[in-house]
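Here the structure is laid out as structure tokens; the discussion comes afterwards.
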Amino acid sequence: MIDLDPLWLTFKLALIVTMILFLIAVPLAYWLAYSKSRFKTIAEVIVTLPLVLPPSVLGFYLLIAFSPENIFGKFLDHYFNLRLVFTFQGLIIASVIYSLPFMVNPILAGLKNLPASLKEASFTFGKSRFTTLTKILLPNIRASLLTGIVMTFAHTIGEFGVVLMVGGSIPKETRVVSIALYDEVESMNYHNANIYALILFVFTFLILLGVYLVNNRNHKTSLL
Amino acid sequence: MIKFRAYKLLQTAEGKVPLDVSFDLEKGQLLSLYGKSGAGKTTALRILAGLTTAERSFIEVDNELWDDSENKKHIIVQKRSIGFVFQDYALFPNLTVKENLEYALQKNEDKKIINELLELMELEQLKKSKPFNLSGGQQQRVALARAIARKPKILLLDEPLSALDEEMRFKLQDYILKAHQYYKLTTILVSHHLPEIFRLADIVIHLDKGKIVKQGKPGEVFSEQKLSSKFKVTGEIIEIKKADIVYIISVLSANNIIKVIATEDEINDLKVGQKILVASKAFNPLIQRIFE
Numbered sequence: 001m002i003d004l005d006p007l008w009l010t011f012k013l014a015l016i017v018t019m020i021l022f023l024i025a026v027p028l029a030y031w032l033a034y035s036k037s038r039f040k041t042i043a044e045v046i047v048t049l050p051l052v053l054p055p056s057v058l059g060f061y062l063l064i065a066f067s068p069e070n071i072f073g074k075f076l077d078h079y080f081n082l083r084l085v086f087t088f089q090g091l092i093i094a095s096v097i098y099s100l101p102f103m104v105n106p107i108l109a110g111l112k113n114l115p116a117s118l119k120e121a122s123f124t125f126g127k128s129r130f131t132t133l134t135k136i137l138l139p140n141i142r143a144s145l146l147t148g149i150v151m152t153f154a155h156t157i158g159e160f161g162v163v164l165m166v167g168g169s170i171p172k173e174t175r176v177v178s179i180a181l182y183d184e185v186e187s188m189n190y191h192n193a194n195i196y197a198l199i200l201f202v203f204t205f206l207i208l209l210g211v212y213l214v215n216n217r218n219h220k221t222s223l224l
Numbered sequence: 225m226i227k228f229r230a231y232k233l234l235q236t237a238e239g240k241v242p243l244d245v246s247f248d249l250e251k252g253q254l255l256s257l258y259g260k261s262g263a264g265k266t267t268a269l270r271i272l273a274g275l276t277t278a279e280r281s282f283i284e285v286d287n288e289l290w291d292d293s294e295n296k297k298h299i300i301v302q303k304r305s306i307g308f309v310f311q312d313y314a315l316f317p318n319l320t321v322k323e324n325l326e327y328a329l330q331k332n333e334d335k336k337i338i339n340e341l342l343e344l345m346e347l348e349q350l351k352k353s354k355p356f357n358l359s360g361g362q363q364q365r366v367a368l369a370r371a372i373a374r375k376p377k378i379l380l381l382d383e384p385l386s387a388l389d390e391e392m393r394f395k396l397q398d399y400i401l402k403a404h405q406y407y408k409l410t411t412i413l414v415s416h417h418l419p420e421i422f423r424l425a426d427i428v429i430h431l432d433k434g435k436i437v438k439q440g441k442p443g444e445v446f447s448e449q450k451l452s453s454k455f456k457v458t459g460e461i462i463e464i465k466k467a468d469i470v471y472i473i474s475v476l477s478a479n480n481i482i483k484v485i486a487t488e489d490e491i492n493d494l495k496v497g498q499k500i501l502v503a504s505k506a507f508n509p510l511i512q513r514i515f516e
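Chains as they are written, first to last, in the numbering used here: chain A, 1 to 224; chain B, 225 to 516.
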């Protein structure tokens, strides 16, 4: 019988990463959509970088940075008693960085597609930027928010390279489904590998199906 | 009383053009900014609203200083008491008609005005509808009602009727007049539609390439001489026909074709396609070319 711990760990990781990223991505996308800062282009590149960079490259740099042998890792270890290499916390931080574009880009696209006059109209009624964001902008890009949330969740579930580099394969700590699947294959245990693979496949298929159904329906009603 | 002075370099199709506009406006008046696209009408309106910043500006509204670039004073748009009707109406798609109006209210403001406005603009039947279910004319009425809801010191209208057909335009001009008179609002209307300006505006400023070319009452600005007349209609000549010893000029005004008799002297200067003003003193209509 397969070990269920990796399933639970994967789900927990994806949920936490999605929640953290949502809180980070909304203000970040707002800034990227409306700021006139010179650093905006650089910020856009950094946000999108994990999309094109091989996960092992990102994982390698994070491994080096988190290592207690080096300055950043030593600092965390010394002052916060925090180890990020081969720990669940480390996986969370690595996944947040790795999945950043999957949350930020849909929200950014949603904000950019809204007419500028919506934001300006809200301002003319004396409403603050925060009120405008929560009462007007976000409710009108619900489809983009849903896309961002689901893509981040699904992408975190499916990640492998970064997790392997930063987390390794420690049972109940960093051994997520994709790693468990790899381990099973390595030990020629194809039956268990098959079950893990099928669970991931069906689960991600259903998630995406759900998003497309909801977004297509929203699209139709908004055209009526 | 509004004092407005602004200077800003505009990026236009013909390169950089300086926008240099100043005017004073009495309380309760309706001013129209008229000119070709790219003349700087909308930019002037946006500077007044605080949505665009100018290189140099001085804006005072009812003794409140909104902008004074010399003393580095700039009040942000949120703190200015304005109602702005955008060209695309900018209704919030996630809110119903009534919620759109309520959103415009300030904290602790009386909600009574919402029902009053829904009634005045004949929107009661639609108050629970979402904006995408409304026609263009209905959306425009909601945008107008919403801009008035907070009882702003100035109402700013940025070509609010340009997307509508002639008939709808005419009806909505009534709503604008009604609202302007009922709430005694000081209003600035950006428009390039002459009949609209004649109908609505107390004063008109004609802008061209960022500069004020002419300003005054519509009749003064758009015709050469001052007339005192009983009624006036503006329109475009669509036909000039000889009939015995006189000529008959057909003028298209809004959706109506008006036929006017003219003498040979009068038609000398006139051609099909020109805009004219037809005014009448008791019996004989006066016909005069409009210079834009």
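Cβ coordinates follow ideal geometry from the N, Cα and C atoms, glycine included. Quantities reported herein were computed from a predicted structural model and do not represent experimental measurements.
Rank I306/B, G264/B and T266/B by C-alpha distance to the C-alpha of E170/B and give the top, closest one.
Examination of residue 170/B is not possible in this model, given that chain B is present from 225 through 516 alone.
Just checking my contact of H430/B with V445/B at CB under 8 Å: how many whole Å lie between their CB atoms?
6 Å
Using 8 Å as the cut-off, can you tell me whether the stretch 197-206 of chain A makes contact with the stretch 155-168 of chain A, which would need three or more C-beta pairs spanning the two stretches below that distance?
yes
Could you run through the stretch 310-323 of chain B and flag, in chain order, every residue whose CB is less than 9 Å away from some CB of chain A?
F310, Q311, D312, Y313, A314, L315, F316, P317, N318 and L319
Does the beta-carbon of L9/A have 16 or more other beta-carbons within 10 angstroms, so that it is buried, or is it exposed?
buried
Proximity test, A425/B beta-carbon vs the ligand HEM heavy atom, cut-off 7 Å
Ligands displayed in this structure: none; no statement on the ligand HEM is therefore possible.
Would you decide whether N324/B is buried or exposed? Buried here means 16 or more other CB atoms lie within 10 Å of its CB.
buried
Against chain A, does F422/B count as a neighbour if the rule is that its beta carbon must be under 8 Å from one of theirs?
no
Enumerate in chain order the residues of its own chain whose CB-to-CB distance from L224/A is below 6 Å, with the five nearest sequence positions on each side excluded.
For L224/A, the predicted structure reports a pLDDT of 35, less than 50, and the residue's modelled location is therefore unreliable. A value from the coordinates is still provided. If we look at L224/A and ignore the five residues flanking it on each side, it has no Cβ neighbours.
Which chain A residues sit within Cβ distance under 7 Å of Q330/B?
G126
With a cut-off of 8 Å, does the C-beta of N105/A fall near any C-beta of chain B?
no
Runs of alpha helix (DSSP H) wholly within the stretch 128-168 of chain A (minimum 4 residues, chain order)
142-158 and 161-167
Compute the distance between the beta-carbons of L91/A and V47/A, then report whether it is under 8 Å.
no
Beta carbon proximity, V301/B to chain A, threshold 8 Å
yes
Using a Cβ-Cβ cut-off of 8 Å (strictly less than) and excluding sequence neighbours within five positions of R177/B, which residues of its own chain qualify?
What the structure shows of chain B is the stretch from 225 to 516, and residue 177/B is not part of that stretch, so it cannot be assessed.
Cβ neighbours of I16/A in the same chain (closer than 7 Å, five flanking residues each side left out):
I92
Strand pairing of E460/B, partner residues [DSSP]:
L476/B and K499/B
Within chain A, partners of F308/B - CB distance below 8 Å:
E120, A121 and T124
Quick one: residues in its chain with C-beta nearer than 8 Å to the C-beta of T221/A, no 5 flanking neighbours on either side, listed in chain order?
Bear in mind that a pLDDT of 49 at T221/A, under 50, signals an unreliable position, so the model cannot answer this.
Please list the terminal residues of the continuous beta strand (DSSP E) segment that includes L396/B.
Counting along the chain, L396/B falls outside any beta strand (DSSP E), though it belongs to the alpha helix (DSSP H) covering E390 to Y406.
Contact check, E392/B vs G361/B, beta carbons under 8 Å
In the sequence under discussion, the amino acid at residue 392/B is Met, which differs from the Glu named in the question. It is a contact, given that the beta carbons lie within the stated cut-off.
Let's see if you can read the secondary structure: which residues bound the alpha helix (DSSP H) around F88/A?
F88 to N113
Could you work out which residue in G264/B, R370/B, L418/B and H404/B is closest to L234/B when comparing CA atoms only?
G264/B
Let me know the secondary structure DSSP gives F39/A once reduced to three states.
coil
Given T132/A as reference, the closest of I179/A, S122/A, V96/A and A193/A once Cα atoms are compared:
S122/A
For S117/A, which residues in chain B fall below 7 Å Cβ to Cβ?
F310, D312 and A314
For S281/B, does the count of other Cβ atoms within 10 angstroms reach 16, so buried, or fall short, so exposed?
buried
Please decide whether I136/A counts as near chain B, where near means a Cβ-Cβ distance under 8 Å.
yes
Amino acids of chain A, ordered along the chain, whose beta-carbon sits closer than 9 Å to that of L418/B
In chain order: nothing, as chain A lies at least about 26 Å away.
Report all residues from its chain with a CB closer than 7 Å to the CB of A328/B; omit the five preceding and five following residues, and keep chain order.
R370, A373 and R374
Candidates P317/B, D334/B, Q302/B and I337/B: which alpha carbon is nearest K135/A's?
P317/B
Is it the case that the Cβ atoms of T152/A and L51/A are separated by a distance below 8 Å?
no
Could you list the residues in the stretch 19-51 of chain A with a C-beta less than 8 Å from some C-beta on chain B, going in chain order?
none
Going by C-alpha distance, which of L381/B, F455/B and F247/B is nearest K227/B?
F247/B
Start and end of the beta strand (DSSP E) containing V229/B?
One detail in the question is off: residue 229/B reads as Arg in this sequence, not Val. I226 to T236 is the extent of the beta strand (DSSP E) around R229/B.
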